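In full-length UniProt numbering, the protein residues as written are 1 to 439.
Below, the structure written as structure tokens:
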């Protein structure tokens, strides 16, 4: 992942989302203190609150990092995060709609809008917090607590909903929570994500949409040497499917990703395998493109079943994950300006542009942003590697997380308290959804 080289890079992303040219932001190589930001007094309150929480947040992050838990099993993270929010005076509901999901709420005054903030918690098999969800967890906490402090000090009516979202890594926890109504009262939602990138920078790239497909072949066992003609080799079917997909890749766009693994049980070299199971991911820049590619990939699986005489069961395991639709008003009018002024440059290319996140579905449901923030990593030590696990625990990563939280908190506070700004946020969301194609 590399940074862009100018406004042309930015345009390539924004034009893909049908954003008018006048909304493009020009890249700056260094932060510019001369840029005007929204309500510097609000930012000062937010900055002081985040700084005052520095050590508490650092301890919380390292605690979660040292107790990695896989999707839907984030019991330790659930407990320490809910206890932390209760200690800071928030109303907390444990096991909210899902066993390891939770919600913490704070309201000030009467009326006002509702801002949603997300904290992820899950880790990856074998490599722990190799996507930095310990940092995402404390980022949600920091943003929520900073906005609370500003609501009180500046007497702004409104509500903050901090949602603890499990199972981003493969379980689509946010999609489930969205379907269950967890986001229904929010006027906007925000979160952030660490990734390798230029020092002190943030990324506002999109991501890839994703469809997970489960494929299961069933054949018939036989002695592999004595009477192989009596069998139907399910492993051969899976290998043929893998080859078929490899051939298909030449005929899809370079922006698409198709990748999978296969497994089985009771396999032995002298027995024709009667079972093989595969898990495939189909990714593309938009969910519409994923849905266009999906039947072509399934045809690869059907063909190998026909060739080997096996039966096959193919199913989309879950609803598709959508690409990120960064709300351009949230981005251009507050977050990007604030971050560029106070911290460093904004980029539109690196981030998680070639990865996927279930937060994409949230950006289709309500105005949202999901900036990436850079943390220092070793060469070839990007997300989902052991090196990134180590990087996510460093003091430098922690400080980078706190810096992006300040810009995010000011953005969220403006959603709550600035009527004209929110009207623009909502209008740009509706314009974007009018051009987006899901079906």
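By construction, the Cβ of each residue, glycine as well, lies at the ideal position given by its N, Cα and C atoms. Bear in mind that the values here come from a model prediction, so they are computed numbers and not experimental data.
Spatial distance of residue i from residue j (CA atoms)
i           : j           : result
residue 51  : residue 294 : 47 Å
residue 436 : residue 417 : 29 Å
residue 186 : residue 147 : 15 Å
residue 213 : residue 188 : 31 Å
residue 269 : residue 224 : 8 Å
residue 121 : residue 389 : 14 Å
residue 346 : residue 336 : 7 Å
residue 153 : residue 318 : 44 Å
residue 421 : residue 150 : 18 Å
residue 76  : residue 308 : 47 Å
residue 321 : residue 171 : 11 Å
residue 272 : residue 233 : 6 Å
residue 23  : residue 283 : The predicted position of residue 23 is uncertain, since its pLDDT is 33 and thus under 50; a value taken from the coordinates is nonetheless stated next. If you take the alpha carbons of residue 23 and residue 283, they lie about 28 Å apart.
residue 452 : residue 433 : Residue 452 lies beyond the stretch modelled for the chain, which goes from 1 to 439, so this question has no answer here.
residue 310 : residue 219 : 5 Å
residue 62  : residue 298 : 43 Å
residue 300 : residue 383 : 30 Å
residue 112 : residue 159 : 7 Å
residue 30  : residue 81  : With a pLDDT of only 48 at residue 30, under 50, the local geometry of the prediction cannot be trusted, and no value is derived from it.
residue 381 : residue 133 : 16 Å
residue 124 : residue 385 : 10 Å
residue 191 : residue 144 : 10 Å
residue 423 : residue 340 : 24 Å
residue 392 : residue 430 : 36 Å
residue 100 : residue 306 : 43 Å
residue 235 : residue 316 : 21 Å
residue 360 : residue 60  : 27 Å
residue 17  : residue 93  : With a pLDDT of 37 at residue 17, under the threshold of 50, the predicted position of this residue should be treated as unreliable, though the coordinate-derived value follows. C-alpha separation (whole angstroms): 37 Å.
residue 95  : residue 103 : 8 Å
residue 419 : residue 83  : 34 Å
residue 87  : residue 79  : 12 Å
Residue range of the beta strand (DSSP E) that includes residue i
i           : result
residue 118 : 114 to 120
residue 106 : 102 to 108
residue 262 : 257 to 263
residue 85  : From DSSP, residue 85 is part of no beta strand (DSSP E) but of the alpha helix (DSSP H) over 75 to 87.
residue 91  : 91 to 93
Bridge partners - residue i, DSSP secondary structure assignment
i           : result
residue 311 : 218
residue 373 : 194 and 202
residue 277 : 216 and 263
residue 223 : 271
residue 209 : 284
N- and C-terminal bounds of the alpha helix (DSSP H) containing residue i
i           : result
residue 40  : 40 to 52
residue 361 : 359 to 365
residue 336 : 336 to 342
residue 158 : It is not in any alpha helix (DSSP H) - residue 158 instead sits in the beta strand (DSSP E) that spans 158 to 165.
residue 153 : 133 to 153
residue 186 : Premise fails: residue 186 is in no alpha helix (DSSP H) and is neither H nor E.
residue 426 : 419 to 435
residue 241 : 234 to 248
residue 178 : 173 to 179
residue 332 : Note, residue 332: premise wrong, no alpha helix (DSSP H); not H, not E.
residue 254 : Segment: none, residue 254 is in no alpha helix (DSSP H) and carries neither H nor E.
residue 72  : Per DSSP, residue 72 belongs to no alpha helix (DSSP H) and is neither H nor E.
residue 390 : 386 to 391
Whole-number beta carbon distance between residue j and residue i, since they are thought to touch under 8 Å
i           : j           : result
residue 117 : residue 412 : 7 Å
residue 215 : residue 278 : 4 Å
residue 444 : residue 410 : The chain is shown only over 1 to 439; residue 444 falls outside these bounds and no answer can be derived.
residue 426 : residue 367 : 6 Å
residue 203 : residue 351 : 3 Å
residue 274 : residue 221 : 4 Å
residue 374 : residue 201 : 5 Å
residue 115 : residue 177 : Incorrect: roughly 16 Å between the Cβ atoms, too far for contact.
residue 323 : residue 209 : 4 Å
residue 135 : residue 85  : Actually they do not touch by this definition, with Cβ atoms about 17 Å apart.
residue 387 : residue 394 : No, residue 387 and residue 394 are not in contact; Cβ-Cβ is about 11 Å, not under 8 Å.
Inset, instruction - Report yes or no: do three or more beta-carbon pairs, one from the region 195 to 209 and one from the region 242 to 254, lie closer than 8 Å? - result: At 8 Å Cβ cutoff, the stretches do not touch.
Inset, instruction - Inspect the CB distances between the region 226 to 233 and the region 259 to 267 and report whether three or more fall short of 8 Å. - result: No: the two stretches stay apart, fewer than three of their Cβ pairs being nearer than 8 Å.
Legend entry - Touch test, the region 129 to 139 against the region 389 to 405, Cβ-Cβ under 8 Å, three pairs minimum: Verdict: yes, contact present.
Legend entry - Stretch pair the region 157 to 174 + the region 56 to 75: three plus CB contacts closer than 8 Å: Short answer: they touch.
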